[in-house]
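Report on one structure; see the data block that follows.
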Amino acid sequence: MAARAARLLRLRCPECGRESDVHVTPDTLGAAAASPTGLVGVADYHGDHVMVVYVDGEGRDRGVRVFRALQRGEVVRANPTYLAYMSNIAGFRVASGGWSLEGFAGSPRALLRVLGGGGALEVELRDLARAPQAAAWGERFLEALSRVGQPDLSGLLLSILLLDASMQHPPSPFASRMFELALNVRRLTLRVDPDSADLLSAYAHRVPWLSPRVLEFARRVDGWPLLRVVAAPDPLTMRERMATLLSLERRGVVRFEVTEP
Ligand SMILES: [Zn+2]
């Protein structure tokens with residue numbers, strides 16, 4: 161059999177109009193040929209939404225759509241450009257509830273595998289020294305995933321970026337909550353309680369992580385979709401924003417309201 165050749169598809173996103181180059185690797189073509197539907201989705205992360213192009217085993221474009229929730233039986237691969245955002249994770253696979261999402265630049269050398277809550281996470285690390293912490297954070301991620309159910313693809317890709325940005329440190333007790341918010345990111349709107357914010361600013365000078373800037377920021381983003389609040393060009397900044405919001409949530413300053421997009 162002839163080797164399957166990589167292809168590049170240039171497509172316009174129906175949501176934001178951005179032209180995206182989607183890399184269809186030989187692995188992707190193989191996955192399409194092996195999948196029950198004969199198709200595989202390739203996900204291009206656009207921050208607040210994800211464009212997915214479906215390709216068949218010959219690499220033909222079989223439709224583009226902006227993706228909401230993962231369905232049973234769905235096989236999706238991240239466009240390799242997504243991996244460039246991350247510094248610790250070289251490749252990954254998440255599978256749960258009959259769907260799977262993965263992103264690898266080539267054949268992974270060694271995979272760290274974490275199981276929990278009916279889901280599985282496999283991670284290829286750039287540095288194996290990170291393995292114990294990657295596994296601990298991975299467990300929190302799977303805990304959150306089992307509570308959320310069928311996740312949104314934007315939330316899932318955001319969670320992998322947060323996982324990447326988190327593994328320098330051992331997981332905090334709020335790790336699972338962070339992933340739960342991230343996995344639900346498209347459904348959540350931030351609400352700020354002005355009285356609690358006033359109260360907190362009164363003793364802000366005694367709280368080490370808190371600066372007047374943080375409270376100003378919280379007041380400014382009242383009513384914003386969570387995705388807009390955490391959106392940043394790099395995973396470390398996104399993680400920092402999530403950590404700040406979690407701290408403010410614990411002090412009753414912010415809460416997250418479910419509003420379907
Ligand atoms: Zn787009």
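Just so we're aligned, residue 161 is where the sequence shown starts under our numbering, counting upward by one.
Virtual Cβ for every residue (Gly too), placed ideally from N, Cα, C.
Pull up the DSSP beta-bridge partners for residue i, would you.
i, result
"glycine 276", "Gly279"
"asparagine 211", "First, the amino acid is wrong: residue 211 is methionine here, not asparagine. Asp204 and Val226."
"aspartate 324", "Answer is none; aspartate 324 lacks a bridge partner."
"leucine 350", "Phe416"
"serine 180", "Leu171"
State the DSSP-derived secondary structure class of residue i, mapped to helix, strand or coil.
i, result
"aspartate 287", "coil"
"serine 314", "helix"
"valine 389", "helix"
"aspartate 216", "strand"
"glycine 422", "Past the boundaries of the shown model lies residue 422; the chain is included only from 161 to 421, so the question cannot be answered."
"valine 235", "strand"
"alanine 357", "helix"
"aspartate 394", "coil"
"alanine 162", "No answer about alanine 162 holds up, because its pLDDT of 47 lies below 50 and its placement is not dependable."
"threonine 185", "coil"
"glutamate 303", "helix"
"alanine 244", "helix"
"glutamate 409", "helix"
"glutamate 400", "helix"
"serine 267", "coil"
"glycine 190", "helix"
"glycine 251", "strand"
"proline 330", "coil"
Does any heavy atom of ligand 1 sit closer than 7 Å to the C-beta of residue i?
i, result
"arginine 170", "no"
"methionine 211", "yes"
"arginine 431", "Absent from the model: residue 431. The displayed extent of the chain is 161 to 421, so no value can be given."
"glutamate 282", "no"
"histidine 206", "yes"
"glutamate 400", "no"
"glutamate 376", "no"
"glutamate 303", "no"
"glutamate 420", "no"
"glutamate 218", "no"
"glutamate 175", "yes"
Where does the unbroken beta strand (DSSP E) through residue i begin, and where does it stop?
i, result
"arginine 380", "No beta strand (DSSP E) holds arginine 380; the alpha helix (DSSP H) holding it covers 372–380."
"phenylalanine 416", "414–418"
"leucine 171", "167–172"
"valine 367", "No beta strand (DSSP E) contains valine 367, which DSSP labels as neither H nor E."
May I ask which residues mark the beginning and end of the alpha helix (DSSP H) holding residue i?
i, result
"arginine 337", "335–343"
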